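**Q** Sharing a structure below in structure tokens format, with a few things to ask.
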């Protein structure tokens, strides 16, 4: 019954639609800029290194490395002994963590290292530094060394 109410209501609806349309267009524009930046940046050194390890070790490899080095490897195929985050599907996680610590110790015993290799079916050892102490000697006698991108050092264990 009052025409000015229809004009005000129509104007409010039009203004609201204009604001929402502007916002949606702006968000789409920002997303396109972000996606272009993501698509043109270089891959991370962790992923480059993990892919190189997977290519060198093969899809059926079991890699012994610390949690920092091994966390991305399963993405590209190899299995790992330790995970970076807890996983209820791996009931012996504490044992695995202990085994990796013992194996990578620079003063560990070779017979313990051989037991760990046999128990978990380890085929490769991955490091990001040159080993020291008894670990260096063990790997020199028991594995073949290969330098990889991102500073990774892959040791293929002799069978």
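Numbering (the working numbering), first residue to last: 2 to 160. Note that beta-carbon positions come from the ideal geometry of N, C-alpha and C, so glycine has one too. Quick caveat, the model's predicted, so the values are computed rather than measured.
Who pairs with residue 146 in a beta bridge, going by DSSP?
**A** Residue 146 pairs with 156.
**Q** Straight-line CA distance for residue 51 to residue 62?
**A** Approximately 13 Å, taken between the alpha carbons.
**Q** Taking the runs of the alpha helix (DSSP H) that are 4 residues or longer, which of them lie wholly in the stretch 63-110?
**A** Runs found: 68-71, 94-105.
**Q** What does DSSP give as the partner residue(s) for residue 125 in the beta ladder?
**A** DSSP lists 64, 157 as partners of residue 125.
**Q** Do residue 80 and residue 64 count as a contact pair if the criterion is CB distance below 9 Å?
**A** Contact: yes.
**Q** Provide the residue span of the alpha helix (DSSP H) that contains residue 53, from first to last.
**A** Start and end: 46-58.
**Q** Comparing the C-beta of residue 146 with each C-beta of chain B, is any distance below 9 Å?
**A** Chain labels in this structure do not include chain B; a single protein chain is all it has.
**Q** Is residue 29 helix, strand or coil by DSSP?
**A** Reduced to three states, the DSSP call for residue 29 is helix.
**Q** Take residue 123 as the anchor and find which of 85, 159, 138 has the nearest alpha-carbon.
**A** The residue with the shortest Cα to Cα distance from residue 123 is 159.
**Q** Could you tell me the alpha carbon to alpha carbon distance between residue 37 and residue 149, rounded to whole angstroms?
**A** Each residue's Cα considered, the two are about 29 Å apart.
**Q** For a test of the three-state rule: what should DSSP assign to residue 6, helix, strand or coil?
**A** Helix at residue 6.
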